[in-house]
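Here's the structure, in C-alpha cells; my notes come after.
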Amino acid sequence: MNRSPRRVLLFGWPVEHSLSPVLQRAAFEALGLTDWSYEAVGVRPKELAERFEEARHAGMLGCNFTIPHKRAALELVDEIEADAVAIGAINSAARDGAKLVGFNTDVAGFVGSVSEAELDLIDERVVVLGAGGAARAAVAGAIQCGARAIGVAARKLEASEELCEALRKYASQIGSWVSIEPIPLRDRVEAADAIRGARLLINGTPLGMDLDDATPVPLEWLDEVGGVFDCIYRADGSSTPLIEAARELGRTAIDGTGMLLHQGAAAFERWTGQEAPREAMRSALNGALGRR
Numbered sequence: 009m010n011r012s013p014r015r016v017l018l019f020g021w022p023v024e025h026s027l028s029p030v031l032q033r034a035a036f037e038a039l040g041l042t043d044w045s046y047e048a049v050g051v052r053p054k055e056l057a058e059r060f061e062e063a064r065h066a067g068m069l070g071c072n073f074t075i076p077h078k079r080a081a082l083e084l085v086d087e088i089e090a091d092a093v094a095i096g097a098i099n100s101a102a103r104d105g106a107k108l109v110g111f112n113t114d115v116a117g118f119v120g121s122v123s124e125a126e127l128d129l130i131d132e133r134v135v136v137l138g139a140g141g142a143a144r145a146a147v148a149g150a151i152q153c154g155a156r157a158i159g160v161a162a163r164k165l166e167a168s169e170e171l172c173e174a175l176r177k178y179a180s181q182i183g184s185w186v187s188i189e190p191i192p193l194r195d196r197v198e199a200a201d202a203i204r205g206a207r208l209l210i211n212g213t214p215l216g217m218d219l220d221d222a223t224p225v226p227l228e229w230l231d232e233v234g235g236v237f238d239c240i241y242r243a244d245g246s247s248t249p250l251i252e253a254a255r256e257l258g259r260t261a262i263d264g265t266g267m268l269l270h271q272g273a274a275a276f277e278r279w280t281g282q283e284a285p286r287e288a289m290r291s292a293l294n295g296a297l298g299r300r
C-alpha cells in the first residue's frame, strides 16, 4: 500500500534562485525517504496567508520561509518556539499533531557556518547590516558565538532600534552580557566609524543576490574590518560583490552557502526525526554551485 506523499514547502518571493530544494531532495534520497517531497512556491507577501492555509489543509508536514516572509510567518503558525519568539523571526515550521509549530534554524545555520570556518568571535565586535529575519538570526548567532559587542545598521534607524531591543532580551534570556547598539546608516561618517575595526561585517540584507545589485555598504569601508559574512549566496556559484571584495583584500570571507546547509540540516531533522545526511547535502549543494 502506497503512503500519502509527505510534502514540505518553501515559501518565498522570489524563490527561483533557492537551492533549498536541491539540498532537501538530496537528503530525502540519501535516506531512502521516497515518499517525501520538497517544493519551492513563489508567493507574494499579500498572498502568503492564503497560500499557507491552503497548504496546511492539503496536509503539508512542514515548510521553510525565506525572503521576505520570515517576520510575517510569525502570524501564521499555531505555536512559536520560545527562542524564535525572542529573535522575532521564523524560517521553518513543522507539524505537531494538528498544529504547525514555528521555529528558527537560521541561527544554527549561522553558528554552524562560523564554526566550520574556524572563526572565533569570543569577545569580538561585529556589525550586522539589516533588520529582517536573516539579520536577526545573525545577531542571535553572534551572541551565541560569544561576541562582546554587536552593532546593527539598517536603512531605517527605528528598525535597528527595535531589533536591538528584542535581541538584548534574547541575550539576557540565555545569560549573555553583550552590548547591542543601533548604527545610523544614513550618517555615513558615523556608520563608517562604527564599522571600522569590527572583526566581522555581516550582511543580513538581500543586496548582492542579483547580478546587478550594489554592495550593501561602500567597498572602501571594508579596508579596516577583519572579514565579512554574507548571509546570501548566488545560485550560479559566483561570489557576491561583498565576498569578492573581501577576498581581494585578503580578509576572511564566508558566503551564505554554509548557513544554507546547516539551517537546512537542522530543519530536516525536525521534519523527519532522522539525522541529516550532511555530506550528501553538501555534495548536492556543491554540485549545483559548480564547486568540487
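All the letters of the sequence shown, read from the start, carry residue numbers 9 to 300 under my numbering.
All C-beta atoms, glycine included, are put in the ideal place defined by N, C-alpha and C.
Residue i: CB within 7 Å of a non-hydrogen atom of the ligand PLP
{"i": "C153", "result": "Of ligands this structure carries none, so the ligand PLP is not represented either."}
Pairwise C-alpha distance: residue j and residue i
{"i": "G220", "j": "W229", "result": "For the record, residue 220 in the displayed sequence is Asp; it is not Gly. Whole-angstrom Cα-Cα distance: 20 Å."}
{"i": "L293", "j": "D244", "result": "11 Å"}
{"i": "R144", "j": "I88", "result": "16 Å"}
{"i": "D43", "j": "I203", "result": "48 Å"}
{"i": "E132", "j": "R156", "result": "6 Å"}
{"i": "T265", "j": "V197", "result": "32 Å"}
{"i": "R64", "j": "D86", "result": "11 Å"}
{"i": "L258", "j": "H25", "result": "Before going further, note that residue 258 is Gly rather than Leu in the sequence given. The straight-line gap from Cα to Cα measures roughly 28 Å."}
{"i": "F118", "j": "R286", "result": "15 Å"}
{"i": "N211", "j": "F36", "result": "31 Å"}
{"i": "R163", "j": "D114", "result": "22 Å"}
{"i": "V135", "j": "L209", "result": "5 Å"}
{"i": "L165", "j": "L39", "result": "46 Å"}
{"i": "G120", "j": "V236", "result": "16 Å"}
{"i": "S291", "j": "R33", "result": "12 Å"}
{"i": "G141", "j": "A90", "result": "16 Å"}
{"i": "P214", "j": "E55", "result": "21 Å"}
{"i": "G281", "j": "A97", "result": "23 Å"}
{"i": "G138", "j": "P76", "result": "12 Å"}
{"i": "I188", "j": "E169", "result": "9 Å"}
{"i": "R278", "j": "D195", "result": "43 Å"}
{"i": "G154", "j": "A146", "result": "12 Å"}
{"i": "M9", "j": "A80", "result": "Confidence in M9 is poor, its pLDDT being 43 and thus under 50, which makes the residue's placement too unreliable to answer from."}
{"i": "L3", "j": "A288", "result": "No answer is possible for residue 3: it lies beyond the span of the chain, which begins at 9 and ends at 300."}
{"i": "R242", "j": "A167", "result": "26 Å"}
{"i": "P249", "j": "A66", "result": "41 Å"}
{"i": "L82", "j": "E256", "result": "39 Å"}
Buried versus exposed call for residue i [16 or more other C-beta atoms within 10 Å across all chains shown]
{"i": "S246", "result": "exposed"}
{"i": "K78", "result": "buried"}
{"i": "W185", "result": "exposed"}
{"i": "Q181", "result": "exposed"}
{"i": "Q271", "result": "buried"}
{"i": "S12", "result": "exposed"}
{"i": "I262", "result": "buried"}
{"i": "A150", "result": "buried"}
{"i": "R52", "result": "exposed"}
{"i": "G20", "result": "buried"}
{"i": "A273", "result": "buried"}
{"i": "G295", "result": "exposed"}
Selected residue, minimal CA-CA separation from residue i, among the options
{"i": "N72", "options": "A275, T280 and L297", "result": "A275"}
{"i": "E124", "options": "V93, D195, A157 and M267", "result": "M267"}
{"i": "E62", "options": "A35, L17 and G149", "result": "L17"}
{"i": "E232", "options": "A38, A254 and R242", "result": "A254"}
{"i": "N41", "options": "E283, A101 and R290", "result": "The sequence given here has Leu at residue 41, not Asn. Comparing Cα positions, the closest option is E283."}
{"i": "N99", "options": "E169, A116 and T74", "result": "T74"}
{"i": "G205", "options": "G159, E166 and A167", "result": "G159"}
{"i": "A101", "options": "R15, T213 and L215", "result": "R15"}
{"i": "F302", "options": "V93, G120 and S121", "result": "A question about residue 302 goes unanswered here, because the residues of the chain that appear run from 9 up to 300."}
{"i": "D201", "options": "A80, E169, C153 and P226", "result": "P226"}
{"i": "Q152", "options": "A167, A139, L129 and R242", "result": "L129"}
{"i": "R207", "options": "G234, A222, L82 and R242", "result": "G234"}
Cβ-based neighbour list, residue i, same chain, cut-off 7 Å, excluding 5 preceding and 5 following
{"i": "A199", "result": "A161, I191, P192 and L193"}
{"i": "A57", "result": "L84"}
{"i": "R103", "result": "L69 and G70"}
{"i": "A148", "result": "I95, V115, L175 and Y178"}
Spatial neighbours of residue i in its chain, beta-carbon cut-off 6 Å, leaving aside the 5 residues before and after
{"i": "M217", "result": "I240"}
{"i": "I251", "result": "D238, A261 and D263"}
{"i": "V23", "result": "A48 and G50"}
{"i": "F60", "result": "L84"}
{"i": "P224", "result": "L137, N211, T213 and L215"}
{"i": "A222", "result": "none"}
Q: For the segment 125-136 and the segment 102-116, state whether three or more C-beta atom pairs, one from each stretch, are separated by less than 8 Å.
A: Pairwise C-beta distances place the segment 125-136 out of contact with the segment 102-116, as fewer than three of them are shorter than 8 Å.
Q: Tell me, please, whether the segment 44-55 touches the segment 23-31 by the rule of three or more beta-carbon pairs shorter than 8 Å.
A: Short answer: they touch.
Q) So, do the segment 166-179 and the segment 279-299 have three or more beta carbon pairs nearer to each other than 8 Å? A) No, the segment 166-179 does not touch the segment 279-299.
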